[in-house]
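Undergrad: Have a look at this one.
In structure tokens:
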């Protein structure tokens, strides 16, 4: 009897969790109108906003120059690029200095902090920004030339304080986990973030994010102690009612690569999770005016841990239903979380198809199979990262485990090919 | 670091709102919010009252209690009593969701008065089902872009045709399944094209199928409707969502069998497999157009009540399919027309099994396509090839023609329907049943020790009268077919006290040796009614070999 009550309660809780996550994940496709509203509206040709684009780079001499070149190809006429390098990183500094010598729009700021991290680097550069809007990119990003024009238009027409553009991992063919990683980004930037923007609570992304310079200065820049400074900034700004607009256009997204190995993915995810946990504990989200908003904030910031929990519990639950002698009704209830997981799987498969369509990539049967088969393993990975994050946070270890980039996505710079076997 | 920004009220920020271009389709766009449109509410409300009055008045006494009604209601009673899915072994004859819903619907009345749970009095709950279905027909018609009057026509056809009145009064699983199917269609045609509406359509469709498995054949028409009503950009998510929802709920039935260890046949237990095989291999009832076949008889039993809806609906479907190229109405009603086509094609199988309830699932679609066909004709008469410079006489001619057509149709339909519905409102077909029930309740000294074979329609009456459910009062065919029952009758008919020979029992006794023997060794002690419809209460005569028959 007690077993029955216990597993029913757990199953129902998991069911509702998964159902809400699914509901939010599918936000953009709710109605054709919602989907249409997630796009950038077409720029009118006017330009009024000037940009300061921050490009923190650390040991990224291999990809930095390419990124700067591509940024300089922007059609927008009023922007500067501020490359932030460390004083202990001569190789990257040399690449940055060469670029600055070539083009007056590029400037170099040297970060002299003893212990370095991304928020500190960006805070160092913030006083040097001359533009109306500060934009953040990563050193390995491929930015679309027309992006700035679209963002300019979005700022002017919506009166936004923050514009978040799309970021998309592209190299889905590299490995089974990169496939899932790409799809995660797809659902997050294509769909879920728009819901957050609409609800007035949004954890911002790490790049392709644009903030009005005065708003950013007023907020005191980034939190240099936080491992998810991007998420934190979004939470702080939206919690005090700043208007955030999210726009996603497959043509205009910033293309990135997935971490090069499982271990670095695990580290990256651990860092994010730890960051989310820190943001949760900072309690800025408690200033949100609406109860629903606060609930959404609480839930979103705790998602990694709920995810970890459900990844472990769902198989256990099904096993109980099949092998233990419980009443048929209870056994049915234990299947509920598996049902939502299945629905999520199906939508992921459709999402992969849509992803391929949107980016002109050929998604083969084997990719769909990998997506489905890899699902449980990815869940294990997420669970592992979540457990690891809790552990590290508990032990007070909050140094940065930086992800290294090999430039896998750059091979496909001109027209996407997918001839790299996974 | 804490924020130093001044707190401001968060603006709910929809991203830049971009209207989606809607395909111009249908000349009378349904209002975005049907429930705030006063004329729609008024028309639908008036029709609903009329339907409830016509279907509700005299509901217990007409038509004759059917064996199947008794079956489902008795199983609903078993569910309420916590006896599982049936008081005899549940053998996967139908998915159980139908009578689980019946159990829910009849919960409150039977909790207030347990004796009221009999077929006649519980027909009242079917009014609720009819009401919901009728409103859904209206909503669906509007969502399929029919003009208001045509939506009202569809609702009236669906709810007031004498055929509908007779069949929708009865406690058939098909009526419940029709309600869920209509909900699925209405959600599929949701004007907001919301992902979760389509998902809900899938859930409703699966519920319909688990209520009555024959609804499976209508699913392609539902899919077509959803396809037509979804937007290109979101279609793949909407449709896969709906299919997934439908499949997941649908698979819960085999899962249920699996959890009970009854998925596949095996020694000493029933199985889903056997249940499906039984349904798929039921002896055919002949070709529907072959005079003398069972199917032909069924067809004529439908046409006896009403020709307008079945034949007119078929004609309407044909008209819509033929004018697909030119008529927006035809395209808008593609889903219902396809449903009619599928159901008609299945009824025309050379030797399929055609039960009398078969037409129930076609009724809403027949009504919709007939109304749609009428709207199409009205459009052709009043609007087609009309130009600004049309002469006044031509315009008057158009309206005159329309009026003549409407009057002719009215002159044909109204008297026939009046007769049919008049019978439904006044006839008392169940007096013999009531009398038999009352006789067995009052004239038998020790009901708790009496064993009696009855048809399913009377079973609950006798349970309430104090007979032992299952082995005291016995569904007559279980005496031959259920090993759990035969086991308790080692001496065959000698272990029984009475047989209640209703028309159903007399008909089926031919194929049931045990029941036949009981009939042969019994004599009538009371007879109610006359002719074919009479009900005889026959007492078993152990002494007289051969019986008095």
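Protein chains in written order, with our numbering: chain A, 523 to 944; chain B, 480 to 1028. Note that CB positions come from ideal geometry on N, CA and C, so glycine has one too.
(1) Rounded to whole angstroms, what's the CA-CA distance from residue 501 of chain B to residue 701 of chain A? Just pull it up for me.
(2) By DSSP, does residue 699 of chain A sit in helix, in strand, or in coil?
(3) Taking one C-beta from the stretch 684-691 of chain B and one from the stretch 649-666 of chain B each time, how about it: are there three or more such pairs within less than 8 Å?
(4) Note down, in chain order, each residue of its chain lying with its Cβ closer than 7 Å to the Cβ of residue 721 of chain A, except the 5 sequence neighbours on either side.
(5) Name the chain B residues whose beta carbon is nearer than 7 Å to that of residue 554 of chain A?
(6) If we define contact as Cβ-Cβ less than 9 Å, is residue 671 of chain A a contact residue for chain B?
(7) Which residues in the same chain as residue 635 of chain B place their Cβ atom closer than 7 Å to its Cβ, once the five residues preceding and following it in sequence are excluded?
(8) Of all the options A:781, A:685, A:643, which has the alpha carbon lying nearest to the alpha carbon of residue 743 of chain A?
(9) CB of residue 925 of chain B to nearest heavy atom of the ligand ADP: below 8 Å?
(10) Counting only Cβ pairs nearer than 8 Å, list the residues of chain B close to residue 875 of chain A.
(11) Taking C-beta to C-beta, are residue 664 of chain B and residue 704 of chain B nearer than 9 Å?
(12) For residue 538 of chain B versus residue 555 of chain B, is the C-beta distance shorter than 9 Å?
(13) Cα separation between residue 509 of chain B and residue 667 of chain A?
(14) Using a Cβ cut-off of 7 Å, pull out every chain B residue sitting near residue 853 of chain A, in sequence order please.
(15) CB-CB under 7 Å to residue 830 of chain B, same chain, minus the five flanking residues each way: which ones, in chain order?
(16) Mind checking whether residue 608 of chain B and residue 655 of chain B have CB atoms under 9 Å apart?
(17) Would you decide whether residue 650 of chain B is buried or exposed? Buried here means 16 or more other CB atoms lie within 10 Å of its CB.
(18) List, in order along the chain, the chain B residues whose C-beta lies closer than 8 Å to that of residue 1024 of chain A?
(19) Closer than 8 Å is the cut-off here; do at least three beta carbon pairs connect the stretch 858-865 of chain A with the stretch 684-703 of chain A?
(20) Determine which residues share a DSSP beta bridge with residue 633 of chain A and list them.
(21) Am I right that residue 956 of chain B and residue 1019 of chain B are in contact with their C-beta atoms under 8 Å? What's the rounded C-beta distance?
(22) Which of helix, strand or coil does DSSP assign to residue 619 of chain A?
(23) Taking the C-alpha atoms as reference points, what is the distance between residue 911 of chain B and residue 774 of chain B?
(24) Rounded C-beta distance between residue 742 of chain B and residue 733 of chain B? I'm assuming under 8 Å.
(25) Looking only at C-alpha atoms, which of B:567, B:614, B:550 sits nearest to residue 531 of chain B?
(26) Which residue's Cα is closest to the Cα of residue 592 of chain B: B:754, B:987, B:943, B:996?
(27) Using the Cβ count rule (16 or more neighbours within 10 Å means buried), how would you classify residue 840 of chain B?
(28) Give me the Cβ distance between residue 856 of chain A and residue 529 of chain A, rounded to the nearest whole Å; I'm assuming they're in contact under 8 Å.
(29) Under 9 Å, CB to CB, which of the residues in the stretch 554-588 of chain B have a partner in chain A?
(30) State yes or no: is the beta carbon of residue 720 of chain B nearer than 9 Å to at least one beta carbon in chain A?
(31) Let me know the alpha helix (DSSP H) ranges lying completely inside the stretch 693-746 of chain A, each 4 residues or longer, listed in chain order.
(32) Is there contact here, the stretch 984-1000 of chain B with the stretch 935-954 of chain B, by at least three beta-carbon pairs under 8 Å?
(33) Please classify residue 789 of chain A as buried or exposed, where buried requires at least 16 other C-beta atoms within 10 Å of its C-beta.
(34) Can you tell me which of A:664, A:662, A:685 puts its alpha carbon nearest to the alpha carbon of residue 673 of chain A?
(35) Just to confirm the assignment, what range does the beta strand (DSSP E) spanning residue 689 of chain A have?
(36) Give the interface partners of residue 850 of chain A over in chain B, defined as CB-CB distance under 8 Å, in chain order.
TA: In this structure, then:
(1) Position 22 of the second chain, counted from the first residue, corresponds to residue 501 of chain B. Position 179 of the first chain, counted from the first residue, corresponds to residue 701 of chain A. Note on residue 501 of chain B: pLDDT 44, under 50, position unreliable in the model; no value is reported.
(2) If you number the first chain from 1, residue 699 of chain A lands on position 177. The answer is helix: DSSP assigns residue 699 of chain A an H, G or I state.
(3) yes
(4) For this step, residue 721 of chain A is matched to residue 199 along the first chain. Cβ within range, chain order: 815, 818.
(5) The residue you call residue 554 of chain A lines up with position 32 of the first chain. Those within 7 Å of residue 554 of chain A in chain B are 499, 672, 710, 712, 713.
(6) Within the first chain, the letter at position 149 stands for residue 671 of chain A. No, residue 671 of chain A lies away from the interface with chain B (no Cβ there is under 9 Å from its Cβ).
(7) If you number the second chain from 1, residue 635 of chain B lands on position 156. If we look at residue 635 of chain B and ignore the five residues flanking it on each side, its Cβ neighbours are 526.
(8) Counting from 1 along the first chain, the entry for residue 743 of chain A is found at position 221. For residue 743 of chain A, the nearest C-alpha among the options comes from A:643.
(9) With respect to small molecules bound, the structure shown includes none, and the ligand ADP cannot be examined in it.
(10) If you number the first chain from 1, residue 875 of chain A lands on position 353. Near residue 875 of chain A (Cβ distances below 8 Å), the residues of chain B are 715.
(11) On the second chain, residue 664 of chain B is found 185 positions in, with the first residue counted as 1. On the second chain, residue 704 of chain B is found 225 positions in, with the first residue counted as 1. For residue 664 of chain B and residue 704 of chain B, yes; Cβs fall inside 9 Å.
(12) Along the second chain, read from residue 1 onward, the residue named residue 538 of chain B stands at position 59. Along the second chain, read from residue 1 onward, the residue named residue 555 of chain B stands at position 76. It is not a contact, given that the beta carbons lie outside the stated cut-off.
(13) As a position in the second chain, residue 509 of chain B is number 30, starting the count at 1. As a position in the first chain, residue 667 of chain A is number 145, starting the count at 1. Because residue 509 of chain B sits at a pLDDT of 49, beneath the cut-off of 50, its placement in the model cannot be relied upon, and the following sentence gives the value as read from the coordinates. Near 44 Å, if we compare the C-alpha coordinates of residue 667 of chain A and residue 509 of chain B.
(14) Against the first chain, residue 853 of chain A aligns to sequence position 331. The contacting residues are 738.
(15) Here residue 830 of chain B corresponds to residue number 351 of the second chain, with the count starting at 1. Correct list, in chain order: 763, 765, 766.
(16) On the second chain, position 129 is the one that residue 608 of chain B refers to. On the second chain, position 176 is the one that residue 655 of chain B refers to. Yes, the pair counts as a contact, with Cβ atoms nearer than the cut-off.
(17) Reading the second chain from its first residue, position 171 is the one you call residue 650 of chain B. Buried is the call here.
(18) Since the first residue shown for chain A is 523 and the last is 944, residue 1024 of chain A is missing from the structure and cannot be characterised.
(19) no
(20) Within the first chain, residue 633 of chain A is the residue found at index 111, counting from 1. A:608.
(21) Residue 956 of chain B sits at position 477 when you count from the first residue of the second chain. Residue 1019 of chain B sits at position 540 when you count from the first residue of the second chain. The pair is not a contact, with the Cβ atoms about 17 Å apart (cut-off 8 Å).
(22) Translated into the one-based positions of the first chain, residue 619 of chain A becomes position 97. Reduced to three states, the DSSP call for residue 619 of chain A is helix.
(23) Your numbering for residue 911 of chain B matches position 432 in the second chain. Your numbering for residue 774 of chain B matches position 295 in the second chain. Distance between the alpha carbons of residue 911 of chain B and residue 774 of chain B: 28 Å.
(24) On the second chain, residue 742 of chain B is found 263 positions in, with the first residue counted as 1. On the second chain, residue 733 of chain B is found 254 positions in, with the first residue counted as 1. Rounded, the Cβ-Cβ distance is 6 Å, consistent with contact.
(25) By one-based count along the second chain, residue 531 of chain B stands at place 52. Nearest C-alpha to residue 531 of chain B: B:614.
(26) For this step, residue 592 of chain B is matched to residue 113 along the second chain. Checked all of B:754, B:987, B:943, B:996; the closest Cα to residue 592 of chain B is B:943.
(27) As a first step, residue 840 of chain B is located in the second chain; it is residue number 361 there, counting from the start. Flag for residue 840 of chain B reads buried.
(28) The count along the first chain starts at 1 and reaches residue 856 of chain A at position 334. The count along the first chain starts at 1 and reaches residue 529 of chain A at position 7. Contact flag correct, Cβ pair sits at about 6 Å.
(29) none
(30) The residue labelled residue 720 of chain B in the question sits at position 241 within the second chain. At least one chain A Cβ lies under 9 Å of residue 720 of chain B.
(31) 698-709, 715-721, 735-740
(32) no
(33) Position 267 of the first chain, counting from 1, holds the residue named residue 789 of chain A. With 16 or more Cβ atoms within 10 Å of its Cβ, residue 789 of chain A is classed as buried.
(34) If you number the first chain from 1, residue 673 of chain A lands on position 151. Of A:664, A:662, A:685, the residue nearest in Cα terms is A:685.
(35) Against the first chain, residue 689 of chain A aligns to sequence position 167. Note, residue 689 of chain A: beta strand (DSSP E), 689-691.
(36) For the purposes of this step, residue 850 of chain A is taken as residue 328 along the first chain, with counting starting at 1. Within chain B, the residues near residue 850 of chain A are 735, 738, 739.
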